[in-house]
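As numbered in this note's numbering, residues -7 to 432 make up the sequence shown, in order.
For glycine and all other residues, C-beta sits at the position ideal for the given N, C-alpha and C.
Predicted, not measured: the structure shown is a model, and the values here were computed from it.
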Amino acid sequence: MLFSKSLIPILKNNPSEAKIKSHQLMLRTGMIKQSSAGIYSWLPLGFKIMKKIENIVREEQNKILAQEILMPTIQSSEIWKESGRFDDYGEEMLRIKDRQNREMLYGPTNEELVTDIFRSSVKSYKSLPQLVYHIQWKFRDELRPRFGVMRCREFFMKDAYSFDLTDNDAFFSYNKFFLSYLRTFKRLELSAIPMAADTGPIGGNLSHEFIILAETGESKIYTDKDIFDVNFQDTSLDKSSLESLRKKYDHYYSVTDEKYNEVDFNSNVKKENQLITKGIEVGHIFYFGDKYSKPMQASVDINGKKEYVKMGSYGIGVSRLVGAIIEAKYDDKNELMCWPTKIAPYHCAIIPLINKNDKSSLDKAMNISKVLKNNKIDTIIDDTDESLSAKMKKFNLIGIPFQIILGKKSEGELIEFKKVGDDIQKIDLKEIIKIINKEL
Ligand code: ATP
Ligand code: MG
């Protein structure tokens, strides 16, 4: 991609309405554009990042054999009346009337819709467990949308649902998602801690929030520092391994302020291990048994008897993650941002020195870009006539992890190359490919 042909509307200064780094940076680098309060368009840079995050989320769902579906954004009020949540959900739900005067709504979540699909499609206990997910826009008419994509009204969420015969089976499904969340956030180079949480309007009695530490987070958290050392990487997907993983985590006192109790915190966590800080909720999982299956009559036959299925639901804020990653990764001291290479909008920026009379370094940039493309490395070439240092600053701001600089100092086989935050080195293209590929 040539920079001059891209839709990357970079602003000179931080927009004054943005209070936190991620919001500032996303507006400044033209990743998003607000269309009305809490509602954004995603421009190419931001959209590429979100799609890459979405794909990692999807791959990890597929690994636990969850099946991908796609439910609509607009739902009928009927099913919400069946579950009793049409009135309970309150003003956060955007209610719409169609031309027939039927009550519709823009889905804030999908428990009812997925239960409706289940009850008309699955009859036998032999088809259980069923794990399904979709990645779809949600709308919640938040009272105070703020911080850009972190708390908006329209946002992109992965939500999954599990259906089982017994509580015990349902805990097994819950634990599969628990592990898949740890793996997902790890692949995004985030350290997310599971915390015992309240269930809110989703309901039920077992729930964990996955929180990443960040000063600008909205959740206050109380935790034991040792929880960061729990190793989940080698956990396999069988019932007992997953149970013991859950035990390892649940052993530590780790809660958000809704569940915080000073006496419990002090008696469970040694003073030197106590960590009280702020965090961003990036995922939330719930177990709620037959809360929806019973009123909505979602059951299976077992030995001639009807049994209401036991359900759980599992959300990840895909669009929130774009902002959350900036909050977690931004280096305030050096004012640098660097996207994990796997989700960066481009892996490498190629920065040629452009001269009116001499286009040779642009030609060289094009050739290098082709070679990199053949090695699965995605590049953007800055073909504008700005100075080299202005161009380098621009890509530092965007957070493109690698830069190739084609100035006077890149001669012959040796090319000036740097990773954001590191010094420039002079190496050949083969070496560059090796370095970048290691991070993909
Ligand atoms: P919060 O406590 O932040 O309001 P929630 O508990 O209402 O979130 P869930 O119903 O658990 O949210 O939704 C699952 C995930 O969707 C959350 O963990 C979060 O990452 C994301 N999410 C929820 N609300 C928003 C929002 N208004 N804007 C962006 N992402 C959101
Ligand atoms: Mg929540």
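Distance cut-off 8 Å: residue i Cβ against heavy atoms of the ligand ATP
i, result
"M438", "Given that the chain is displayed from residue -7 to residue 432, the structure contains no residue 438 and the question cannot be resolved."
"V314", "no"
"R77", "no"
"S211", "yes"
"I441", "One cannot answer for residue 441 here, as it falls past the ends of the chain, which runs -7 to 432."
"H276", "yes"
"R50", "no"
"M18", "no"
"M42", "no"
"V106", "no"
"T101", "yes"
"V141", "yes"
"S311", "yes"
"C330", "no"
"C144", "yes"
"P137", "yes"
"R111", "no"
"R132", "yes"
"E319", "no"
"E95", "no"
"G38", "no"
"E201", "yes"
"G192", "yes"
"E83", "no"
"E46", "no"
"E273", "yes"
Straight-line Cα distance separating residue j from residue i
i, j, result
"D221", "Y241", "10 Å"
"H200", "S233", "18 Å"
"G271", "A184", "9 Å"
"G209", "M187", "15 Å"
"L406", "F394", "16 Å"
"P137", "E423", "46 Å"
"D256", "I268", "14 Å"
"Q59", "R20", "37 Å"
"E103", "D156", "15 Å"
"V141", "N349", "44 Å"
"D370", "L174", "28 Å"
"D161", "I204", "29 Å"
"K286", "K55", "30 Å"
"F177", "S361", "31 Å"
"M42", "I31", "15 Å"
"A357", "K150", "38 Å"
"K298", "G304", "19 Å"
"I317", "P1", "21 Å"
"I66", "G99", "6 Å"
"I294", "F164", "20 Å"
"I425", "E52", "27 Å"
"R87", "R94", "10 Å"
"L421", "A341", "14 Å"
"N258", "K251", "14 Å"
"D355", "I343", "12 Å"
"N366", "N359", "11 Å"
"C330", "Y338", "11 Å"
"L57", "N5", "46 Å"
"F78", "I372", "48 Å"
Contacts around residue i, its chain only, beta-carbon distance under 6 Å, and the 5 residues preceding and following it disregarded
i, result
"S399", "This sequence places Gly at residue 399; Ser is not what is there. Closer than 6 Å at Cβ, skipping near neighbours: L345 and L380."
"A290", "T107, F110, R111 and V301"
"Y306", "A152, F169 and I277"
"K433", "Lying before the first or after the last residue shown, residue 433 is absent from the chain, which here runs from -7 to 432."
Expected contact under 8 Å - CB spacing of residue i and residue j to nearest Å
i, j, result
"N388", "V412", "6 Å"
"L97", "I71", "With 8 Å as the limit, L97 and I71 do not qualify as a contact, their Cβ atoms being about 10 Å apart."
"V49", "V310", "6 Å"
"I308", "V274", "7 Å"
"A189", "F169", "That pair is no contact at about 14 Å."
"Y166", "Y279", "5 Å"
"V363", "V114", "The pair is not a contact, with the Cβ atoms about 51 Å apart (cut-off 8 Å)."
"R145", "D159", "Contact flag wrong, Cβ pair sits at about 36 Å."
"D375", "S27", "With 8 Å as the limit, D375 and S27 do not qualify as a contact, their Cβ atoms being about 30 Å apart."
"I219", "S236", "That pair is no contact at about 15 Å."
Cβ neighbours of residue i in the same chain (closer than 7 Å, five flanking residues each side left out)
i, result
"L62", "H126 and Q128"
"K212", "T248, D249 and K270"
"P332", "L180 and E181"
"G38", "M18, M23, I24 and V314"
"P121", "S154, F155, D156, D161 and S165"
Proximal residues to residue i (C-beta, below 8 Å), its chain only, five neighbours per side dropped
i, result
"E408", "I396, I397, L398, G399, K401, S402, I416, Q417 and K418"
#### Entry: Within the segment 301 to 325, ranges of the beta strand (DSSP E) (whole runs, at least 3 residues)
When DSSP assignments are scanned along the segment 301 to 325, the uninterrupted stretches of beta strand (DSSP E) that are 3 or more residues long and fall wholly within it turn out to be 302 to 309.
Q. In chain order, which continuous runs of the beta strand (DSSP E) of length 3 or greater are located wholly inside the segment 315 to 390?
A. Taking only runs of at least 3 residues, the beta strand (DSSP E) segments lying wholly in the segment 315 to 390 are 340 to 344 and 371 to 373.
- Complete beta strand (DSSP E) runs within the segment 89 to 115 (minimum length 3 residues, chain order): Here the runs fully enclosed are 95 to 98.
In chain order, which continuous runs of the beta strand (DSSP E) of length 3 or greater are located wholly inside the segment 33 to 93?
Here the runs fully enclosed are 66 to 68 and 86 to 89.
- [ ] Run through the segment 179 to 248 for me and flag every whole beta strand (DSSP E) of 3 or more residues, listed as ranges in chain order.
- [x] Taking only runs of at least 3 residues, the beta strand (DSSP E) segments lying wholly in the segment 179 to 248 are 184 to 188, 198 to 205, 211 to 216 and 246 to 248.
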